[in-house]
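Chains as they are written, first to last, in our numbering: chain X, 456 to 566; chain C, 354 to 467.
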């Protein structure tokens with residue numbers, strides 16, 4: 456079975472500083488990896504996804520993530536934080552030959 | 354506007370009183386799913402449906418029922434709610450298949466069972 460671990464339930468950064476949210480995954484087969492964002496009182500929305508086409512994935516709102524197989528990581532970064540980035544961020548993993556029915560979420564990091 | 358609509362947004366009930374949380378999507382999506390969100394546990398899948406009349410258990414199905422009689426609707430039923438079902442519930446939908454199309458989420462239903 457696949458799983459994800461998000462290090463740090465809360466991360467604080469100053470406006471303009473680098474944002475780094477950590478995600479490590481476990482999967483016995485090639486994974487699909489995702490970052491979702493949840494703004495207050497809303498559902499989740501997709502930030503970006505990795506599906507093996509390119510290891511560096513660019514998403515919306517200036518976020519990007521790099522898939523590193525050797526480290527089993529998919530950390531989310533943004534060069535310069537903005538107040539509007541305050542939200543909860545979820546990393547998720549799916550088995551590559553299944554759809555969303557096998558999507559597993561991490562426990563979330565509040566930025 | 355493409356959306357997933359959940360009702361109600363907030364619900365307070367008592368132990369044992371049957372309730373239904375409705376979910377409707379207007380995007381003709383085949384796949385629909387229910388999640389519960391609890392502090393420190395992230396989102397856990399309750400049930401999902403790959404199409405009309407096709408449903409399956411997720412990771413935490415105990416105490417819940419679902420049905421998929423129409424493509425657009427996927428109600429979540431709690432026959433006899435208990436306090437441990439106090440949570441924030443999300444419905445989500447997407448196209449089906451192996452390409453992992455993005456999940457579209459509703460705005461959530463906050464349920465309190467006393």
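From the three backbone atoms N, C-alpha and C, an ideal C-beta is built for every residue, glycine too.
Check: Residue 357/C Cβ short of 8 Å to the ligand NAD heavy atom set; Outcome: What this structure holds is no ligand at all, so the ligand NAD is not there to describe.
Check: Cβ neighbours of residue 364/C in the same chain (closer than 8 Å, five flanking residues each side left out); Outcome: 372, 374, 462, 463, 464 and 465
Check: Identified DSSP bridge partners for residue 481/X; Outcome: 458/X
Check: Proximal chain X residues relative to residue 447/C, where beta-carbon distance stays under 7 Å; Outcome: 555
Check: 3 or more residues per run - each beta strand (DSSP E) lying fully within the region 490 to 526 of chain X; Outcome: 499 to 505, 511 to 513 and 519 to 523
Check: Near-chain C residues of the region 517 to 534 of chain X (beta-carbon distance less than 9 Å), N- to C-terminal order; Outcome: none
Check: Interface positions of the region 484 to 512 of chain X facing chain C (Cβ-Cβ less than 9 Å), listed along the chain; Outcome: 487, 489, 491, 493, 496, 497, 498, 499, 500, 501, 504 and 506
Check: Cα-Cα separation between residue 387/C and residue 565/X, rounded to whole angstroms; Outcome: 22 Å
Check: Whole-angstrom distance between residue 454/C and residue 558/X, CA atom to CA atom; Outcome: 11 Å
Check: The beta strand (DSSP E) enclosing residue 404/C, as first and last residue numbers; Outcome: 395 to 404
Check: Cβ-based contacts, 7 Å cut-off: residues of the region 451 to 466 of chain C near chain X; Outcome: 451, 453, 455, 456, 458, 459, 460 and 461
Check: CB contact flag (residue 505/X, residue 522/X, <9 Å); Outcome: yes
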